[in-house]
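> Shown below is the structure under consideration.
Protein chains: 2
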Amino acid sequence: MAQPLPQIPGVRLAAVPAQIKNWQRDDLLLIEIAAGASVSATFTQNAFCAAPVLIAKEHIRGGDIRALLINAGNANAATGDRGLEDAKACCRGVAAALGVNPEQVLPFSTGVIGEHLPVQKILDGIPVAAHTLHADGWDIASKAIMTTDTRPKTACRTLDIAGETISIVGIAKGAGMIQPNMATMLAYVATDAAIPQPMLDQLVKEAVAESFNRISVDGDTSTNDACVLIASGATGELIADGQGEAYGLLKAAIVEVHIELAQAIVRDGEGATKFVTVQVNNAASSAEALRVAFEIGESPLVKTAMYASDPNWGRLIMAIGNAGVDNLDTGRVSVFLDDVQIVEAGGRAQGYTEEQGQKVFQQPDFTITVDLKRGNVSEHIWTCDFSHEYVTINAEYRT
Amino acid sequence: MAQPLPQIPGVRLAAVPAQIKNWQRDDLLLIEIAAGASVSATFTQNAFCAAPVLIAKEHIRGGDIRALLINAGNANAATGDRGLEDAKACCRGVAAALGVNPEQVLPFSTGVIGEHLPVQKILDGIPVAAHTLHADGWDIASKAIMTTDTRPKTACRTLDIAGETISIVGIAKGAGMIQPNMATMLAYVATDAAIPQPMLDQLVKEAVAESFNRISVDGDTSTNDACVLIASGATGELIADGQGEAYGLLKAAIVEVHIELAQAIVRDGEGATKFVTVQVNNAASSAEALRVAFEIGESPLVKTAMYASDPNWGRLIMAIGNAGVDNLDTGRVSVFLDDVQIVEAGGRAQGYTEEQGQKVFQQPDFTITVDLKRGNVSEHIWTCDFSHEYVTINAEYRT
Numbered sequence: 001m002a003q004p005l006p007q008i009p010g011v012r013l014a015a016v017p018a019q020i021k022n023w024q025r026d027d028l029l030l031i032e033i034a035a036g037a038s039v040s041a042t043f044t045q046n047a048f049c050a051a052p053v054l055i056a057k058e059h060i061r062g063g064d065i066r067a068l069l070i071n072a073g074n075a076n077a078a079t080g081d082r083g084l085e086d087a088k089a090c091c092r093g094v095a096a097a098l099g100v101n102p103e104q105v106l107p108f109s110t111g112v113i114g115e116h117l118p119v120q121k122i123l124d125g126i127p128v129a130a131h132t133l134h135a136d137g138w139d140i141a142s143k144a145i146m147t148t149d150t151r152p153k154t155a156c157r158t159l160d161i162a163g164e165t166i167s168i169v170g171i172a173k174g175a176g177m178i179q180p181n182m183a184t185m186l187a188y189v190a191t192d193a194a195i196p197q198p199m200l201d202q203l204v205k206e207a208v209a210e211s212f213n214r215i216s217v218d219g220d221t222s223t224n225d226a227c228v229l230i231a232s233g234a235t236g237e238l239i240a241d242g243q244g245e246a247y248g249l250l251k252a253a254i255v256e257v258h259i260e261l262a263q264a265i266v267r268d269g270e271g272a273t274k275f276v277t278v279q280v281n282n283a284a285s286s287a288e289a290l291r292v293a294f295e296i297g298e299s300p301l302v303k304t305a306m307y308a309s310d311p312n313w314g315r316l317i318m319a320i321g322n323a324g325v326d327n328l329d330t331g332r333v334s335v336f337l338d339d340v341q342i343v344e345a346g347g348r349a350q351g352y353t354e355e356q357g358q359k360v361f362q363q364p365d366f367t368i369t370v371d372l373k374r375g376n377v378s379e380h381i382w383t384c385d386f387s388h389e390y391v392t393i394n395a396e397y398r399t
Numbered sequence: 001m002a003q004p005l006p007q008i009p010g011v012r013l014a015a016v017p018a019q020i021k022n023w024q025r026d027d028l029l030l031i032e033i034a035a036g037a038s039v040s041a042t043f044t045q046n047a048f049c050a051a052p053v054l055i056a057k058e059h060i061r062g063g064d065i066r067a068l069l070i071n072a073g074n075a076n077a078a079t080g081d082r083g084l085e086d087a088k089a090c091c092r093g094v095a096a097a098l099g100v101n102p103e104q105v106l107p108f109s110t111g112v113i114g115e116h117l118p119v120q121k122i123l124d125g126i127p128v129a130a131h132t133l134h135a136d137g138w139d140i141a142s143k144a145i146m147t148t149d150t151r152p153k154t155a156c157r158t159l160d161i162a163g164e165t166i167s168i169v170g171i172a173k174g175a176g177m178i179q180p181n182m183a184t185m186l187a188y189v190a191t192d193a194a195i196p197q198p199m200l201d202q203l204v205k206e207a208v209a210e211s212f213n214r215i216s217v218d219g220d221t222s223t224n225d226a227c228v229l230i231a232s233g234a235t236g237e238l239i240a241d242g243q244g245e246a247y248g249l250l251k252a253a254i255v256e257v258h259i260e261l262a263q264a265i266v267r268d269g270e271g272a273t274k275f276v277t278v279q280v281n282n283a284a285s286s287a288e289a290l291r292v293a294f295e296i297g298e299s300p301l302v303k304t305a306m307y308a309s310d311p312n313w314g315r316l317i318m319a320i321g322n323a324g325v326d327n328l329d330t331g332r333v334s335v336f337l338d339d340v341q342i343v344e345a346g347g348r349a350q351g352y353t354e355e356q357g358q359k360v361f362q363q364p365d366f367t368i369t370v371d372l373k374r375g376n377v378s379e380h381i382w383t384c385d386f387s388h389e390y391v392t393i394n395a396e397y398r399t
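If you're matching them up, the sequences are chains A and B in order. The first sequence: position 120 = 120 (UniProt numbering), numbered continuously. The second sequence: position 370 = 370 (UniProt numbering), numbered continuously.
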């Protein structure tokens, strides 16, 4: 985070205080993308997806995206036909300010569900933002999209490809997946590399699968989640075939930026006091490995035990047993807490002492590793603990 | 609960303090069943099912069950081959004391996972229990099987069939599904009606589907869950065909006893302050109705909102949207809190005020009704809220 965020030639940003809520802070972010860039995105799977998500999905199908508009404080979700009209009005406002078509603008909103967007405040803010666009705006942007986040989330990488320096920068918001009424997770990643559209479409899917789809704070998915990947093409050769070493390096760096942002969301999970990696090895398939990992990572019983620094292995095997793995031979299952073996052959490991396990669980950051001994597939996810503070935040929010 | 529990001729009970843990209370329950009774049971689906569950499943396949032995304080789960031997030793102890075969005994354990059963203490307790068996033991029995339950759970019905009085009595333990390390839910229901084995096998499945499979405290399933239904046949005609009016009445009463016990578990859910029915109407299938109901009933965000008496409809539609209902037309979804409409056509209902919703959520007992307008199938579940006390209980347990 201390690392200064590089500029991405071809991308300019500006944030303004539009007073979408009664607060004193930037809450409207405009991102301008130069002509010729490729833009890809993934969106929430929730059936109640928000109006801006519906509009953004429609616009991105048309291609040639030239701007993103993001507001915090209001999700424009469950707002019916008026919500759609409001999102379109915002796109028209950006189009007028930047001289592009409304269909070249992607709208995003995050905040309270079920209240209508204060469209006029946004329309008033857009021209101000359009006049202050600058390439150095990533840090300010990361703060403008925050809701209950306790800190901004940014990540970046630079690498040399064919003698040219390529940069990747990303910002995200989300204090866990746990605030669907704060409708919840947004991430924007940009690189100045030139990546053709079909390859970028594939890359954003892969990067999200390795990052945001592997985190859980409480298993809920919001109505507004979105992740956007921009390749401005301002620097670097066109990476056309997706095969070469250069593309491999670029892809790895882009995935790393996504992972760093995803982990930052878990670390900032509401009430979270621990960051826990759940690693499942030797599964028969990726699907069953992820099921076991999420069953552990989402069990309130396991998460309260993490909070209490209580290496409660009964709860761990309960969660493994509930993952619906066909014909699981429980007698072959091992579990490790960092490098301490706690479960061996489905029972308490020989020589394991409570003190060893407690020492691991007392750390702010540790790994639970499950070995299913059924195949050779490994998967991992990241999760956090479940604290008193979580209940307080979610019981008191909005009241 | 104030209702005195009737005797079930053909079933005698005794509880003794075997000191399975370092406590002063009955913790070992023996239930003797007269020859000729039918006994059926359902067991946990958790892959890590406990040693007594494995033995009980094996024994019940042989039929002609004559006794149940239940201990609290130790689950005999994740205890490997020695756990199986320990459970068998307990069955042999009961067989010797009652003059039956070990295979005619079903063992059950509830308590901490992963510690070996104190078999000698149990073997010492069995003869004492065998000498004090009596038909009036149901109230005492309901207390002996408690772990962190704050109160015993009992239910009974009597009805007249063909001029004879038939009784049904049931006991259960479980402070929520939320304590798999206290391995968790046990229920025993007995009637003096005569019900043939195949019909009883069907009946216990149906009764559990209507009761214990419709409750959630946190969505976790324990290693030791079991529900046993006994038809002693001491009273009443043999109800042979399952078709007549008499069987219909009996079945309804037996299901009612199961439902009353299941609801008692939710009401005693750890830290629970509210009892909430989630009703889903006009679904296309039973499966999708239950998915929507459980998505609401298990969402930590919805449950913390219940705790806070906050009618947070954004969280409700988020949960509905996450239930994976194919092609859900969100614009047709309605939600009611008791008789207050909060969501209409997928958005905030016209005329709804926050005060109306809050008034419903402030009650200790209310219903959330979702209308999907997709078909004509309705389902319901029962759940509770998620409080600070839940985190405290589960974070501090065992420490």
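Note that the Cβ used here is the ideal one computed from N, Cα and C, for glycine as well.
In chain order, what residues of the same chain have a beta carbon less than 8 Å from the beta carbon of I317(B), not counting five sequence neighbours either side?
Correct list, in chain order: T330, V333, V335, V343 and G346.
> Below 7 Å CB to CB, which residues in the same chain sit around A87(A) once its five sequence neighbours on both sides are set aside?
Around A87(A): A51, P52, I55, N76 and P107.
> Residues of the segment 295 to 320 of chain A in Cβ contact with chain B at a cutoff of 8 Å, in chain order, please.
Answer set for the segment 295 to 320 of chain A: S299, P300, L301, T304, A305, Y307, A308, D310, N312, W313, G314, R315, I317, M318, A319 and I320.
> Under the criterion of a Cβ to heavy atom distance below 7 Å, does V266(A) qualify as lining the ligand ZN?
What this structure holds is no ligand at all, so the ligand ZN is not there to describe.
> Beta-carbon of N74(A) versus every beta-carbon of chain B: anything under 8 Å?
So no, N74(A) is outside the interface.
> Beta-carbon within less than 6 Å of N312(B)'s beta-carbon, same chain only, minus the 5 sequence neighbours each way: which residues are those?
Excluding residues within five positions, the ones whose Cβ falls inside 6 Å are A305.
> Could you pull out every residue in the same chain whose Cβ sits closer than 7 Å to the Cβ of C227(B), ignoring the five residues on either side in sequence?
Around C227(B): A41, T42, A187, V204, V208 and F212.
> Does I20(B) have its Cβ less than 8 Å from a Cβ in chain A?
No, because no Cβ of chain A sits closer than 8 Å to the Cβ of I20(B).
> I113(B) by DSSP, collapsed to three states: which one?
Of the three classes helix, strand and coil, the one that applies to I113(B) here is coil, per DSSP.
> Taking the Cβ atom as the reference point for each residue, do G174(B) and D149(B) lie within a distance shorter than 8 Å?
Result yes, Cβ atoms of G174(B) and D149(B) sit closer than 8 Å.
> So what does Y188(A) bridge to, in DSSP terms?
According to DSSP, which records beta bridges pairwise, Y188(A) is partnered with I171(A) and V228(A).
> Are there three or more Cβ pairs, one per stretch, closer than 8 Å when the segment 152 to 159 of chain A is compared with the segment 113 to 125 of chain A?
No, they do not touch.
> Output the residue ranges of the alpha helix (DSSP H) runs that lie fully inside the segment 72 to 114 of chain A and measure 4 residues or longer, sorted by chain position.
Those alpha helix (DSSP H) runs which fall completely within the segment 72 to 114 of chain A and span 4+ residues are 80 to 98.
> So, does the CB of T71(B) fall closer than 8 Å to a CB anywhere in chain A?
The question names Thr, but residue 71(B) is Asn in the sequence shown. Answer no: the Cβ-Cβ gap between N71(B) and chain A never drops below 8 Å.
> Excluding the 5 residues preceding and the 5 following D371(A) in the sequence, name in chain order all residues of the same chain whose CB lies nearer than 6 Å to its CB.
Here the set comprises N281, N282 and S334.
> Which ranges does the beta strand (DSSP E) cover as unbroken runs of at least 3 residues, wholly within the segment 8 to 82 of chain A, from first to last along the chain?
Runs of the beta strand (DSSP E) inside the segment 8 to 82 of chain A: 11 to 16, 28 to 33, 38 to 43 and 67 to 74.
> Please name the residues in the segment 96 to 125 of chain B whose beta-carbon is closer than 9 Å to at least one beta-carbon of chain A, in chain order.
So the close ones are V112, I113, G114 and E115.
> So is N322(A) in contact with chain B if we call contact Cβ pairs under 8 Å?
By this cut-off, N322(A) is an interface position.
> Which chain A residues are close to G346(B), counting only those with a beta carbon under 8 Å from its beta carbon?
Here the neighbours are F48, A78 and G80.
> Rounded to whole angstroms, what's the CA-CA distance from E103(B) to A89(B)? Just pull it up for me.
If you take the alpha carbons of E103(B) and A89(B), they lie about 11 Å apart.
> To the nearest angstrom, how far is it from the Cα of Q19(B) to the Cα of N74(B)?
Taking the straight line from one Cα to the other gives about 11 Å.
> Run through DSSP, which three-state label would G347(A) get?
Here G347(A) sits in strand by DSSP.
> Apart from the five residues on each side of it in sequence, which residues of its chain come closer than 7 Å, Cβ to Cβ, to N327(B)?
No residues qualify anywhere along the chain.
> For chain B, is any of its Cβ atoms less than 8 Å away from the one on N394(A)?
Closer than 8 Å to some Cβ of chain B, the Cβ of N394(A) qualifies, so yes.
> Starting from H258(B), follow the alpha helix (DSSP H) in both directions and report where the run begins and ends.
It spans E245 to R267 - the alpha helix (DSSP H) in which H258(B) sits, taken as one unbroken run.
> Drop a sphere of 10 angstroms on the beta-carbon of Q179(B), count the other beta-carbons inside from all chains shown, and report buried for 16 or more, exposed for fewer.
Residue placement at Q179(B) cannot be trusted, given a pLDDT of 40 that sits under 50; the coordinates are not used to answer.
> For the putative contact between L261(B) and A141(B), defined by C-beta atoms under 8 Å, what is the C-beta separation to the nearest angstrom?
13 Å between Cβ atoms; not a contact.
> Against chain A, which members of the segment 360 to 393 of chain B pass a CB distance test of less than 8 Å?
Cβ contacts with chain A: F386, S387, H388, Y390, V391 and T392.
> In three-state terms, what does DSSP make of I195(B)?
Here I195(B) sits in coil by DSSP.
> Nearest chain B C-beta to T150(A) closer than 8 Å, yes or no?
Answer no: the Cβ-Cβ gap between T150(A) and chain B never drops below 8 Å.
> Which partner residues of V278(B) appear in the DSSP bridge assignment?
Answer is I368(B) and I381(B).
> Tell me, please, whether the CB atom of L30(A) is closer than 8 Å to any CB atom in chain B?
Not one chain B Cβ lies under 8 Å of L30(A).
> Measuring CB to CB, does R374(B) end up less than 8 Å from A246(B)?
Against a cut-off of 8 Å, the Cβ pair of A246(B) and R374(B) comes out as no contact.
> Pop quiz: A172(A) and S232(A) are said to be a contact at Cβ under 8 Å. What is the actual Cβ separation, rounded to whole angstroms?
Incorrect: roughly 19 Å between the Cβ atoms, too far for contact.
> Between D338(A) and the rest of its own chain, which residues show a CB-CB distance below 7 Å, the 5 nearest in sequence each way excluded?
V360, F366 and T367, listed in sequence order.
> Under a three-way DSSP split, which group does H131(B) fall into?
DSSP places H131(B) in coil when its eight states are reduced to three.
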